[in-house]
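Residue numbers (UniProt numbering): 1 to 212.
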Amino acid sequence: MPTQPSGDSNNKVAAANRVKSLVDGINLPLKYERDDWQVDIDYYHIDDLPDHLRDWSFQTFKENMLTLYTNSNDGWDAEQKKNEMFAKEARYLIARSRQNPAELHGMLLFQMVQEETMDDDTLCNAAYCYEIQLKETARGKGLGEYLMKLLENIGKRWQMDKVMLTVFKANKGAFDFYIKKLGFELDEISPGACLPAKKARLFDYEILCKKI
């Protein structure tokens, strides 16, 4: 799991985490349009995320990921996942229909964190995507790619070194999406990159990154 940011006032992660709105000054609009499909994207700091959106985000995550978590090495722990999703530094991008604002299409949950590197004396600053979850009706329309581009743009705005995420090996569609479509690669601390193949096979996940 990502390392939590330090309290060092000179740390770029700490500086970002002192600011509520991380989308001010980014180069991409908080909206997505494709043909006649129009989507507005709302940004929330966890302190401002309404209860109904907390519930919706968790239920959408559960609908999409419960089977993968249940079959994973660590299994399913609802409370642990809620603690992660609603941590004090959590930020959300919530995509909703412009024509019908009550219709929600998906969400991206991220945090600014310091992450380990293979150099014991060096940490990297990362915009870490904890979750990106779309409703089934919103898939295949480019929205997920756009949400990830927004995160990359936010990371650049706050001078992060890279975007990072964790993905289950069993989630083949997600692997192809991140690596083939978005240009991610195995991070240096991912099991498949830093361990012998025999040991790496014991892990059911990889850590991906994209330098920004």
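Beta carbons are placed, not taken as given, at the ideal position from N, Cα and C, and that holds for glycine.
The structure presented is a predicted model; accordingly, all values stated were derived computationally and were not measured.
Of the other Cβ atoms in all chains shown, fewer than 16 fall within 10 Å of the Cβ of Ala87; this residue is therefore exposed. Between Val167 and Phe175, the gap from beta carbon to beta carbon is short of 8 Å. Contact annotation: Leu134 and Gly106 have beta-carbon atoms nearer than 8 Å. Counting along the chain, Leu151 sits inside the alpha helix (DSSP H) bounded by residues 143-157. According to the DSSP assignment, Leu68 belongs to no beta strand (DSSP E) but to the alpha helix (DSSP H) extending over 51-70.
As computed with DSSP, Val167 is found in a beta bridge with Glu206. By the Cβ-count criterion, Gly173 is exposed, with fewer than 16 other Cβ atoms from all chains shown falling within 10 Å of its own Cβ. Within the same chain, and ignoring the five residues on either side of Leu68 in sequence, the residues whose Cβ sits closer than 8 Å to its Cβ are Phe168, Ala170, Asn171. By the CB criterion at 8 Å, Leu208 and Phe184 fall inside the cutoff. Straight through space, the alpha carbons of Leu165 and Leu182 are spaced by roughly 12 Å. Ranking Leu93, Ile212, Gly140 by CA distance to the CA of Lys156 puts Ile212 first. Here the alpha carbons of Lys12 and Cys129 stand approximately 17 Å from one another. Distance between Trp158 and Leu22, taken at the CA atoms: about 8 Å.
The C-beta of Pro196 has fewer than 16 other C-beta atoms within 10 Å across all chains shown, which makes the residue exposed. Between the alpha carbons of Lys20 and Tyr44 lies a distance of about 8 Å.
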